[in-house]
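Q: Just dropping this structure here.
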Amino acid sequence: MKAIFFLHIPGNLDLLKAQLATYPGTLNPSFLAPGFSTFKADDVAYKALKEKPPFMALAMGEDASRNELSTTATVWVENKELIFSHHGEFSYRDKKDQIWQGLCPEFEKLTKLATIELPPLAPSRAWLKIAQAFSLFPKARSGHALEIGSSPGGASYFLRQQGLELVGLDPGEMDPLFKTDQGFTHLKKPVQDVQPRDLAKKFSLIAVDTNLPASMSVAEAIRVASWSGDVLKEVFLTIKLPAPKLISTLESHKRALRKLGLKTLYKQLPSHHREILLYGYRS
Ligand SMILES: C[S@@+](CC[C@H](N)C(=O)[O-])C[C@H]1O[C@@H](n2cnc3c(N)ncnc32)[C@H](O)[C@@H]1O
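Residue numbering for the sequence shown follows our numbering, starting at 969 and increasing by one per position.
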């Protein structure tokens, strides 16, 4: 048996386990702590995990063990959130102050994402979700963007910081800072009521973060996105996952987004709670 470990959002172990249950072979939990869980995998499960690491984990590693001699941690949990120090290799401090170390090749990249700082003026913490996604998928971006579920404006604030002209679609109020922003237009209605005549432009980027049920949010996003045709280059869709049974619906959301001619992948971000990013992109 091989020793595997995962770093994950502390409140999402049930979601990670639901995804792990879809892998072939045998995978048994051995040490489960907030944000850090170790498992024993047989050869079949190990091969499958290496080929396709679970997207409900922030990072996967191997051969974690307690290091009695070390007192330095680079990741730990505070207020039910993983905290990353800015430098160093993977070294997790559990609640008994024991230090766990192991091989985690993605740890440096994850630390870089997790330590992006929220600007004081950002209207909400949703700024972090889109900032982390942009950092993970860097590319030159220009043109018009649409945000569905834009209130109060954390992600909109980030998109405007990137110089994208933006339409924010939300029945809720936007932060007052957008009142004087010439590059931002608020379309104050639910997405279900939006018709092509409401949106004069084609969008190169669409970000979606509504608190509608995921299937409705995805269907509405695709309906609106289809009006942009090939101009559309990227979709950032936040899918809410309140319950583990919803893991089994994720493949269908992906298939739906692919019908727009986009490639797709799922990614859990350090700023996520019970949700995941479905990223659609044209290569
Ligand atoms: C998680 S918040 C969005 C946070 C926002 N993206 C930010 O960066 O601050 C979810 C938003 O979805 C909006 N929403 C709910 N139902 C909606 C609908 N039918 N159409 C558009 N937006 C909707 C809510 O008004 C709420 O502002």
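For glycine and all other residues, C-beta sits at the position ideal for the given N, C-alpha and C.
Would you identify the three-state DSSP class for Arg1034, choosing helix, strand or coil?
A: Position 66 of the sequence shown, counted from the first residue, corresponds to residue 1034. In the structure shown, Arg1034 sits in a strand (DSSP, three-state: E or B).
Q: Do Pro1238 and Leu1050 count as a contact pair if the criterion is CB distance below 9 Å?
A: For this step, residue 1050 is matched to residue 82 along the sequence shown. For this step, residue 1238 is matched to residue 270 along the sequence shown. The answer is yes: Cβ separation under 9 Å.
Q: In the DSSP output, which residue or residues are listed as bridge partners for Ala1101?
A: Translated into positions along the sequence shown, residue 1101 becomes position 133. DSSP lists no partner for Ala1101.
Q: Which word fits Thr1042, buried or exposed, when buried means at least 16 other C-beta atoms lie within 10 angstroms of its C-beta?
A: In the sequence shown, residue 1042 corresponds to position 74, counting from 1. Thr1042 is buried by the Cβ-count criterion.
Q: Please report the straight-line C-alpha distance between Asn1035 and Trp1068, rounded to a whole angstrom.
A: As a position in the sequence shown, residue 1035 is number 67, starting the count at 1. As a position in the sequence shown, residue 1068 is number 100, starting the count at 1. Between Asn1035 and Trp1068, the C-alpha separation is close to 6 Å.
Q: Per DSSP, what kind of secondary structure is Gln1069 in: helix, strand or coil?
A: In the sequence shown, residue 1069 corresponds to position 101, counting from 1. Gln1069 falls in the strand class under three-state DSSP.
Q: List the whole-angstrom C-beta distance separating Ile977 from His1221, where the pair is believed to meet the contact cut-off of C-beta under 8 Å.
A: By 1-based counting over the sequence shown, the position of residue 977 is 9. By 1-based counting over the sequence shown, the position of residue 1221 is 253. In fact, because the Cβ distance is near 19 Å, the residues do not count as touching under 8 Å.
Q: Run through DSSP, which three-state label would Lys1208 get?
A: Taking the sequence shown and counting its residues from 1, one reaches residue 1208 at position 240. Of the three classes helix, strand and coil, the one that applies to Lys1208 here is strand, per DSSP.
Q: Taking 8 Å as the cut-off, is the C-beta of Asp1138 nearer than that to any heavy atom in ligand 1?
A: As a working note, residue 1138 is residue 170 in the sequence shown. Yes, the Cβ of Asp1138 comes within 8 Å of a heavy atom of ligand 1.
Q: For my contact list, Tyr1234 and Phe974 are in at a C-beta cut-off of 8 Å; report their separation, rounded to the angstrom.
A: The residue given as residue 1234 occupies position 266 in the sequence shown. The residue given as residue 974 occupies position 6 in the sequence shown. Between Phe974 and Tyr1234 the Cβ distance is about 15 Å, and since that is not below 8 Å, they are no contact.
Q: Would you give the residue range spanned by the beta strand (DSSP E) that Gly1248 belongs to?
A: Locating residue 1248 in the sequence shown gives position 280, where the first residue counts as 1. Per DSSP, Gly1248 belongs to the beta strand (DSSP E) from Glu1243 to Tyr1249.
Q: Quick check on Gly1029: does DSSP put it in helix, strand or coil?
A: By 1-based counting over the sequence shown, the position of residue 1029 is 61. Strand.
Q: Measuring alpha carbon to alpha carbon, tell me which of Glu1057, Lys1063 and Gln1066 ends up nearest Glu1074.
A: Working through the sequence shown from its first residue, we reach residue 1074 at position 106. Per the Cα distances, Glu1057.
Q: Tell me the residue span of the beta strand (DSSP E) that contains Arg1061.
A: Position 93 of the sequence shown, counted from the first residue, corresponds to residue 1061. From DSSP, the beta strand (DSSP E) with Arg1061 extends over Ser1059 to Arg1061.
Q: Grab the span of the alpha helix (DSSP H) containing Glu1085 for me, first residue to last.
A: Counting from one through the sequence shown, the residue named residue 1085 turns up at place 117. From DSSP, Glu1085 is part of no alpha helix (DSSP H); its letter is neither H nor E.
Q: With a threshold of 6 Å on Cβ separation, who are the neighbours of Asp1138 within its own chain once the five nearest residues in sequence on each side are excluded?
A: Indexing the sequence shown from 1 puts residue 1138 at position 170. Hits under 6 Å: Gly1117, Ser1118 and Ser1119.
Q: Could you pull the start and end residues of the alpha helix (DSSP H) that Val1186 belongs to?
A: Indexing the sequence shown from 1 puts residue 1186 at position 218. Here the alpha helix (DSSP H) through Val1186 covers Ala1182 to Ala1193.
Q: May I ask which residues mark the beginning and end of the alpha helix (DSSP H) holding Glu1219?
A: For this step, residue 1219 is matched to residue 251 along the sequence shown. Its alpha helix (DSSP H) spans residues Leu1218 to Arg1226.
Q: State the DSSP-derived secondary structure class of Glu1074, mapped to helix, strand or coil.
A: Translated into positions along the sequence shown, residue 1074 becomes position 106. Assignment of Glu1074 by DSSP, reduced to helix, strand and coil, places it in the coil class.
Q: Helix, strand or coil for Gly1136? Go by DSSP, reduced to three states.
A: Position 168 of the sequence shown, counted from the start, is the residue given in the question as residue 1136. Strand.
Q: Return the first residue and the last residue of the alpha helix (DSSP H) that Tyr991 is part of.
A: Residue numbering aside, residue 991 sits at position 23 when the sequence shown is read from its first letter. Looking at the DSSP string, Tyr991 is not in any alpha helix (DSSP H), and its letter there is neither H nor E.
Q: Is the beta carbon of Ser1216 less than 9 Å from the beta carbon of Ala986?
A: Against the sequence shown, residue 1216 aligns to sequence position 248. Against the sequence shown, residue 986 aligns to sequence position 18. Contact flag set, yes.
Q: Going by Cα to Cα distance, which pick from Arg1109, Ala1193, Gly1121 and Lys1107 is closest to Lys1097?
A: Reading the sequence shown from its first residue, position 129 is the one you call residue 1097. Of the listed residues, the one whose Cα sits closest to Lys1097 is Gly1121.
Q: Please determine, among His1055, Glu1243, Gly1151 and Pro1091, the residue with the shortest C-alpha to C-alpha distance to Lys1080.
A: Numbered from its first residue, the sequence shown carries residue 1080 at position 112. Among His1055, Glu1243, Gly1151 and Pro1091, the Cα nearest to that of Lys1080 belongs to His1055.
Q: Just to confirm the assignment, what range does the alpha helix (DSSP H) spanning Leu1127 have?
A: Reading the sequence shown from its first residue, position 159 is the one you call residue 1127. From DSSP, the alpha helix (DSSP H) with Leu1127 extends over Gly1122 to Gln1129.
Q: So, using beta-carbon positions, are Leu1173 and Gly1151 closer together than 9 Å?
A: Within the sequence shown, residue 1173 is the residue found at index 205, counting from 1. Within the sequence shown, residue 1151 is the residue found at index 183, counting from 1. Not closer than 9 Å, so no.
Q: How is Phe1171 classed by DSSP in three states: helix, strand or coil?
A: One-based indexing of the sequence shown puts residue 1171 at position 203. Coil.
Q: Within 10 Å of its beta-carbon, does Asn1047 have 16 or more other beta-carbons around it, so buried, or fewer, so exposed?
A: The residue labelled residue 1047 in the question sits at position 79 within the sequence shown. By the neighbour-count rule (16 or more Cβ atoms within 10 Å), Asn1047 is not buried but exposed.
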